[in-house]
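Chemist: Attaching a single structure in structure tokens format; questions to follow.
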Amino acid sequence: MSRVAVVTGGTRGIGEEICVELKEAGYKPAAVYAGNDSAARDFTARTGVPAFKFDVSDFDACQKGVAEIQKELGPVEVLVNNAGITRDGTMHKMTFEQWDAVIQTNLASCFNMCKAVIEGMREREFGRIVNIGSVNGRAGQYGQVNYAAAKSGIHGFTKALALEGAGKGITVNAIAPGYVLTDMVRAVPERVLEKIVATIPVGRLGDPKDIARAVTFLVADDAGFVTGSTLDINGGQHMY
Ligand code: NAP
């Protein structure tokens, strides 16, 4: 049986690789994206994975969007909350809009998407949810009070929902990636990036595959004993 796996932010970067790996592992992935239609078209042409456009920061859009996915593909049994944005700035310069956009897109989206699938997972007594956090939610980062707060919130959200899902066959885990080479990181100035790489013990940026492999492990049917955990995948940059 092919389980339907929704991956938010699935058309680019880490999300694309998660879709590819899940498809190879026998899942039926569906990618959600915000507005970059040409990237989404290219993604679907490359991978054969359907893309659905809606804003994960909008509660009603998520309920409608997930209903559409379920109508086309079947019940959602795997959810990967991966969509995320950065709007950096130090606290004294950060606007409310920068704060709010990051909290809504990175954190409120987890609530919005989980609400859309949780009843079905409880009824079927099976579900796999993976939330993508960040090393910067674990360690903090200069110029990112919004992003660090949202990502740190994801780690608490994960543990609370894991407790609620445990008796119903639903696992909820998080991954905290370090710096992974995607558009998000390509936007970082070269000289800053060089300094960052110098702090990574394995001496390189992460590859989206480094994260996608872990997602495939966490969503497997036989990973039912792994729940409420946060997996740090950061090349040794930050250890606990
Ligand atoms: P990315 O390359 O910038 O891709 C972002 C994806 O999210 C795109 O598909 C984008 O859609 C989608 N998206 C953004 N806002 C959305 C919204 N409101 N509604 C629906 N979809 C939305 O990002 P990435 O680097 O792969 O990052 C993926 C996740 O990993 C994020 O949560 C990020 O915070 C986290 N992370 C990344 C790194 C890293 O180094 N890259 C490190 C730690 C954590 P469009 O194409 O339509 O814009």
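Numbering-wise (numbering that gives the first Met the number 0), the sequence shown opens with residue 0 and increments by one.
Beta carbons: idealized from backbone N, C-alpha and C, even for Gly.
All figures in this text were calculated on a predicted structure; none of them were measured in a lab.
1) With a 10 Å radius around its C-beta and 16 neighbouring C-beta atoms as the bar for buried, classify Gly202 as buried or exposed.
2) With a 10 Å radius around its C-beta and 16 neighbouring C-beta atoms as the bar for buried, classify Tyr269 as buried or exposed.
3) Only counting the same chain, and skipping five residues up and downstream in sequence, which positions put a Cβ closer than 6 Å to that of Ile131?
4) What I want to know is whether the C-beta of Ser151 ends up closer than 6 Å to one or more non-hydrogen atoms of the ligand NAP.
5) At what residue ranges does the region 118–187 contain a whole run of the alpha helix (DSSP H), taking only runs of 4 or more?
6) Flag this pair as yes or no: are the beta carbons of Ala66 and Ala50 separated by less than 7 Å?
7) Where does the unbroken beta strand (DSSP E) through Ile232 begin, and where does it stop?
8) So Leu240 and Val5 are in contact, right, with Cβ under 8 Å, and what is the actual spacing, rounded?
9) To which residues of the same chain is Ala147 closer than 7 Å at the C-beta, ignoring the five residues directly before and after it?
10) Considering just the uninterrupted stretch of the beta strand (DSSP E) at Phe51, what are its terminal residues?
11) Looking at Arg127 and Thr170, is the spacing between their C-beta atoms short of 7 Å?
12) For Lys114, which of helix, strand or coil comes out of DSSP?
Modeler: Taking the definition as stated:
1) exposed
2) Nothing in the structure corresponds to residue 269, since the chain is present only between 0 and 239.
3) Asn81 and Ile174
4) no
5) 134–138, 144–164 and 182–185
6) no
7) Thr229 to Ile232
8) Residue 240 is absent from the structure shown; the chain starts at 0 and stops at 239.
9) Asn135, Gly136, Gly139 and Gln140
10) Ala50 to Lys52
11) yes
12) helix
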